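Number of protein chains: 2
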Amino acid sequence: MTGMLEATLRQILGPKGWVASADARPWSRDWLDRYGAPPLGVARPASTEEVSRVVAACHAAGVAIVPQGGNTGLCGAAVAGHEGAVILSLARMASMDAPDLASGTITVQAGAVLASLHTALEGSGLMFPLHLGAEGSAQIGGLIGTNAGGSHAFRFGMMSDLVQGLEVVLSDGTIWNGLRAVQKDNAGYALRKLFCGAEGTLGVVTRAVLRLSPQPSHRQTALLALPDGGALVTFGRRLRSDAGEFLTGLEFFPDLGLSLALRHVPGLVFPLESRSEWYLLVEVASTSARVPLDDILQDVLEWGMAEGLVTDGALAASESQRAAFWRLREEQPEGQRLEGPQLKHDISVPPGRIAEFVAEGANICEGLLPGTRINPFGHLGDGNIHYNLTPPQGQADFGGLGPDFGLSLARLADGMGGSFAAEHGLGRSKVALADTLRDPVERDLMKRIKCAIDDNGILNPGVIIAKD
Amino acid sequence: MTGMLEATLRQILGPKGWVASADARPWSRDWLDRYGAPPLGVARPASTEEVSRVVAACHAAGVAIVPQGGNTGLCGAAVAGHEGAVILSLARMASMDAPDLASGTITVQAGAVLASLHTALEGSGLMFPLHLGAEGSAQIGGLIGTNAGGSHAFRFGMMSDLVQGLEVVLSDGTIWNGLRAVQKDNAGYALRKLFCGAEGTLGVVTRAVLRLSPQPSHRQTALLALPDGGALVTFGRRLRSDAGEFLTGLEFFPDLGLSLALRHVPGLVFPLESRSEWYLLVEVASTSARVPLDDILQDVLEWGMAEGLVTDGALAASESQRAAFWRLREEQPEGQRLEGPQLKHDISVPPGRIAEFVAEGANICEGLLPGTRINPFGHLGDGNIHYNLTPPQGQADFGGLGPDFGLSLARLADGMGGSFAAEHGLGRSKVALADTLRDPVERDLMKRIKCAIDDNGILNPGVIIAKD
Numbered sequence: 001m002t003g004m005l006e007a008t009l010r011q012i013l014g015p016k017g018w019v020a021s022a023d024a025r026p027w028s029r030d031w032l033d034r035y036g037a038p039p040l041g042v043a044r045p046a047s048t049e050e051v052s053r054v055v056a057a058c059h060a061a062g063v064a065i066v067p068q069g070g071n072t073g074l075c076g077a078a079v080a081g082h083e084g085a086v087i088l089s090l091a092r093m094a095s096m097d098a099p100d101l102a103s104g105t106i107t108v109q110a111g112a113v114l115a116s117l118h119t120a121l122e123g124s125g126l127m128f129p130l131h132l133g134a135e136g137s138a139q140i141g142g143l144i145g146t147n148a149g150g151s152h153a154f155r156f157g158m159m160s161d162l163v164q165g166l167e168v169v170l171s172d173g174t175i176w177n178g179l180r181a182v183q184k185d186n187a188g189y190a191l192r193k194l195f196c197g198a199e200g201t202l203g204v205v206t207r208a209v210l211r212l213s214p215q216p217s218h219r220q221t222a223l224l225a226l227p228d229g230g231a232l233v234t235f236g237r238r239l240r241s242d243a244g245e246f247l248t249g250l251e252f253f254p255d256l257g258l259s260l261a262l263r264h265v266p267g268l269v270f271p272l273e274s275r276s277e278w279y280l281l282v283e284v285a286s287t288s289a290r291v292p293l294d295d296i297l298q299d300v301l302e303w304g305m306a307e308g309l310v311t312d313g314a315l316a317a318s319e320s321q322r323a324a325f326w327r328l329r330e331e332q333p334e335g336q337r338l339e340g341p342q343l344k345h346d347i348s349v350p351p352g353r354i355a356e357f358v359a360e361g362a363n364i365c366e367g368l369l370p371g372t373r374i375n376p377f378g379h380l381g382d383g384n385i386h387y388n389l390t391p392p393q394g395q396a397d398f399g400g401l402g403p404d405f406g407l408s409l410a411r412l413a414d415g416m417g418g419s420f421a422a423e424h425g426l427g428r429s430k431v432a433l434a435d436t437l438r439d440p441v442e443r444d445l446m447k448r449i450k451c452a453i454d455d456n457g458i459l460n461p462g463v464i465i466a467k468d
Numbered sequence: 001m002t003g004m005l006e007a008t009l010r011q012i013l014g015p016k017g018w019v020a021s022a023d024a025r026p027w028s029r030d031w032l033d034r035y036g037a038p039p040l041g042v043a044r045p046a047s048t049e050e051v052s053r054v055v056a057a058c059h060a061a062g063v064a065i066v067p068q069g070g071n072t073g074l075c076g077a078a079v080a081g082h083e084g085a086v087i088l089s090l091a092r093m094a095s096m097d098a099p100d101l102a103s104g105t106i107t108v109q110a111g112a113v114l115a116s117l118h119t120a121l122e123g124s125g126l127m128f129p130l131h132l133g134a135e136g137s138a139q140i141g142g143l144i145g146t147n148a149g150g151s152h153a154f155r156f157g158m159m160s161d162l163v164q165g166l167e168v169v170l171s172d173g174t175i176w177n178g179l180r181a182v183q184k185d186n187a188g189y190a191l192r193k194l195f196c197g198a199e200g201t202l203g204v205v206t207r208a209v210l211r212l213s214p215q216p217s218h219r220q221t222a223l224l225a226l227p228d229g230g231a232l233v234t235f236g237r238r239l240r241s242d243a244g245e246f247l248t249g250l251e252f253f254p255d256l257g258l259s260l261a262l263r264h265v266p267g268l269v270f271p272l273e274s275r276s277e278w279y280l281l282v283e284v285a286s287t288s289a290r291v292p293l294d295d296i297l298q299d300v301l302e303w304g305m306a307e308g309l310v311t312d313g314a315l316a317a318s319e320s321q322r323a324a325f326w327r328l329r330e331e332q333p334e335g336q337r338l339e340g341p342q343l344k345h346d347i348s349v350p351p352g353r354i355a356e357f358v359a360e361g362a363n364i365c366e367g368l369l370p371g372t373r374i375n376p377f378g379h380l381g382d383g384n385i386h387y388n389l390t391p392p393q394g395q396a397d398f399g400g401l402g403p404d405f406g407l408s409l410a411r412l413a414d415g416m417g418g419s420f421a422a423e424h425g426l427g428r429s430k431v432a433l434a435d436t437l438r439d440p441v442e443r444d445l446m447k448r449i450k451c452a453i454d455d456n457g458i459l460n461p462g463v464i465i466a467k468d
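Going down the list, the protein sequences come from chains A and B. Under UniProt numbering, residues 1 to 468 are what the first sequence spells out, in order. Under UniProt numbering, residues 1 to 468 are what the second sequence spells out, in order.
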């Protein structure tokens with residue numbers, strides 16, 4: 001049966017488009033090497049029509065399909081949950097139309113890499129305002145599937161705010177052409193929003209119309225030291241109220257994270273004179289050369305220093321210094337990874353409660369495993385904390401307490417009106433957590449939607465909704 | 001049977017909460033008096049629990065429910081499609097929590113009026129950035145149901161971009177508590193986005209957590225005259241690139257609309273020395289007093305005048321002059337209504353194609369009914385054109401050509417990658433148009449979602465999806 005399917009897929013895809021199971025290793029495991037059963041093979045279609053034919057063939061054979069973009073996800077959604085599924089890589093479908101400069105949109109295929117999109121737009125006067133650590137590998141289709149957020153989301157929105165139109169192959173191979181290019185389209189249910197964040201369980205995104213923003217003409221970046229979590233929240237609030245429309249970055253990380261990054265990642269430079277409990281990377285930008293960004297930033301900094309909220313700080317004097325500031329933040333995951341085993345938690349809380357979460361989270365961690373080293377870093381503007389843990393000094397691991405950490409911290413976020421799955425999705429790794437913590441009414445609604453749209457259950461089974 | 005239901009509803013709701021059929025007239029017809037069959041009565045619950053019990057009782061009796069907010073919608077979605085339905089008015093559920101200043105959110109009940117929300121936030125340093133003509137009557141629940149847009153949407157997003165959490169009563173009376181207060185929540189399907197724009201066909205929104213923005217500290221408003229549609233598009237694009245983050249309003253209207261408004265609406269003043277083909281209302285605002293808004297605006301204006309794109313203009317010298325400028329735009333619908341019969345079309349096209357749509361639309365209208373007077377006004381930033389028609393001079397009506405206008409203009413928008421239902425929704429009035437113009441695959445997806453979530457079909461039947 002699967003032999004027949006494989007022959008059919010080979011015929012549809014040609015020699016470049018099919019990777020047999022034996023050679024599928026580069027696609028079959030997730031980035032953290034935690035998930036991924038051996039697939040039947042990897043389909044690498046070159047067009048929407050080929051995707052449609054591949055999906056229809058799998059549908060007819062009852063074989064599961066796992067859509068895969070850059071495979072940079074952290075929840076295991078882009079690799080197979082059981083043996084014999086077909087991984088559907090969009091990597092060969094990476095073309096980008098010329099941007100529509102007059103309307104501020106661009107149409108791209110799902111396999112386009114985010115960083116390539118940024119590069120393609122250079123000099124056009126427009127930008128795509130989504131930025132995240134994995135942008136050199138992450139593909140548009142995967143970013144849509146996980147409704148990616150990143151460092152600019154508090155200002156420009158998440159992926160679902162930036163998608164105006166979509167082309168999606170549905171579970172039986174039917175192609176839905178929803179490639180409209182307008183922000184305002186209220187002709188019925190918000191399908192384009194529903195497919196964003198559906199992690200490939202409702203359809204395979206093949207193409208998208210993305211909304212662009214004017215490229216700022218100048219920007220300024222500061223790295224600041226702050227004494228405690230309360231200062232972080234108070235100062236962040238002041239920045240939002242005094243420089244609301246200029247803020248494009250508002251990223252925080254703690255001293256532990258800085259230490260780990262400086263210890264393990266070559267070439268990092270810490271530009272301040274003194275260390276502190278927290279650091280904040282502030283970036284402001286404007287389209288108008290008449291806006292005195294330095295003065296605006298300086299005003300808020302002086303206020304922060306007078307109030308004792310900011311203890312040290314530096315403005316980037318050059319583009320390379322700006323890049324160096326950003327690297328301190330962006331190498332947080334890498335620094336911690338190189339320290340050894342870790343537990344990652346992708347939490348969001350209302351921004352005003354970040355300090356409270358950090359304090360209560362520390363109590364929970366200390367109660368579960370005294371000495372656990374906590375590195376909460378992330379996005380101050382939207383309350384998204386990558387609350388990542390390293391075992392206590394001298395301990396090799398968490399002694400099997402991973403699920404306890406996960407559940408306790410998720411409960412804490414939940415109780416604050418936040419989320420335990422902020423921007424990485426549920427994937428395979430957080431389905432049980434969702435079934436435990438979320439209102440059964442909500443989970444039931446999601447099951448109904450899944451059954452209604454993927455009635456045979458062949459699209460990424462086990463992701464978002466538990467497999468029966 | 002319905003007598004028993006009425007008795008049950010009276011018992012649930014008490015004397016203040018039930019309006020019998022004979023007295024239901026104020027709720028039973030839509031704002032344009034085009035839709036609305038006599039209801040069984042009007043349920044006016046005072047709490048989410050009462051909504052839940054009302055919906056459960058109707059569900060058990062198999063009686064249709066029509067959720068109603070301020071009843072300002074233009075597509076007939078808030079009144080009954082057939083006799084004997086229960087109108088569910090949320091007007092008594094209008095409470096608003098204190099805003100969460102540190103996190104920038106506010107929790108409100110569905111019946112809160114938009115203008116009351118604006119008032120409640122005055123002086124808080126925060127604002128809710130959704131503005132539209134009906135804001136004195138439109139309620140939050142209805143704005144969510146129609147995914148309202150309005151004049152600030154190109155900058156701050158539509159309702160679905162501004163809703164962080166929702167409480168919804170489902171078709172069997174079950175309450176879904178999705179009242180989270182974070183922007184980033186990717187724990188499964190985007191239910192909060194799906195209920196936005198569902199026009200009461202998937203559930204009854206009872207409460208929402210809304211995202212607020214910093215209140216600007218100063219603003220400037222200009223009224224400009226432009227010679228043609230091409231100038232409108234080119235100048236709008238320059239404004240977006242030079243003053244991107246300051247733009248909060250970018251509204252256009254033609255000379256015909258100005259004439260109708262000046263003729264019929266008392267108290268309007270036209271502040272420019274010369275008339276032109278088009279007018280553009282530009283508003284810029286900043287949170288920082290250091291931003292020289294006047295200079296920034298002046299730069300672009302001088303460029304526009306030098307290029308021949310702007311022929312006249314005035315800056316508002318006072319708050320009352322600002323209000324007078326805005327009234328010229330906001331009284332467009334009223335001026336045209338007072339002229340006599342009209343056909344309204346809620347079109348969106350990619351902003352760069354507005355001039356093209358206006359030119360080709362004029363050809364279509366002239367072909368269908370020579371002399372038809374066209375008043376295309378709306379939102380330059382997102383390409384949303386309220387393409388409203390008045391019969392030729394001396395003619396009382398459109399001679400039955402309404403559907404032909406609707407279909408031809410919708411096709412034109414569709415072919416440009418736009419929408420024939422931009423911000424008013426489908427309601428009852430555009431379902432047939434959607435069935436005609438939209439991909440059957442898309443319509444089928446919507447039917448599947450409707451059947452999956454409202455399996456008995458009692459929530460607003462005939463809206464979005466045709467009744468079988």
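The C-beta atom is built at its ideal place from N, Cα and C for all residues, glycine as well. Owing to the predicted nature of the structure, the values given are computational and were not obtained by experimental measurement.
Between the Cα of residue i and those of the options, spot the shortest distance and give me the residue it belongs to.
i: S103 of chain A; options: A:M159, A:S213, A:S137, A:L191; result: A:S213
i: S151 of chain B; options: B:K193, B:A85, B:L281, B:L32; result: B:L281
i: D132 of chain A; options: A:G142, A:G125, A:L126; result: It should be noted that the sequence gives Leu, not Asp, for residue 132 of chain A. Selected option, being the one with the closest Cα: A:G142.
i: T72 of chain A; options: A:S28, A:V441, A:S47, A:E83; result: A:S28
i: D228 of chain B; options: B:L309, B:H264, B:G361; result: B:L309
i: R275 of chain B; options: B:V265, B:R411, B:L256, B:P38; result: B:L256
i: G123 of chain B; options: B:L101, B:R53, B:S21; result: B:L101
i: P15 of chain A; options: A:L426, A:G41, A:T2; result: A:G41
i: A261 of chain B; options: B:Y35, B:S408, B:G361, B:F325; result: B:F325
i: K184 of chain B; options: B:Q164, B:T174, B:I144; result: B:Q164
Buried or exposed: residue i, going by 16 or more other Cβ atoms within 10 Å of its Cβ?
i: S419 of chain A; result: buried
i: V209 of chain A; result: buried
i: E167 of chain A; result: buried
i: L239 of chain B; result: buried
i: P99 of chain A; result: buried
i: D455 of chain B; result: exposed
Which partner residues does residue i have in the DSSP bridge list?
i: A285 of chain A; result: A:R219
i: L280 of chain B; result: B:L224, B:F252
i: F377 of chain A; result: A:H386
i: P99 of chain A; result: None; P99 of chain A has no bridge partner.
i: M93 of chain B; result: The partner list for M93 of chain B (beta bridge, DSSP) is empty, contrary to what the question assumes.
Which of helix, strand or coil does DSSP assign to residue i?
i: V163 of chain B; result: strand
i: F246 of chain A; result: coil
i: H59 of chain A; result: helix
i: V265 of chain B; result: coil
i: P214 of chain B; result: strand
i: D439 of chain A; result: coil
i: G313 of chain A; result: strand
i: D404 of chain B; result: helix
i: D414 of chain A; result: helix
i: L351 of chain A; result: It should be pointed out that residue 351 of chain A corresponds to Pro in this sequence rather than to Leu. Helix at P351 of chain A.
i: R41 of chain B; result: The question names Arg, yet the displayed sequence has Gly at residue 41 of chain B. DSSP places G41 of chain B in strand when its eight states are reduced to three.
Item checked: Stretch pair the region 175 to 185 of chain B + the region 415 to 431 of chain A: three plus CB contacts closer than 8 Å -> yes
Notebook entry, point to check: If we count Cβ pairs, one from each stretch, closer than 8 Å, do we get three or more for the region 385 to 403 of chain B versus the region 315 to 324 of chain B?
Noted result: no
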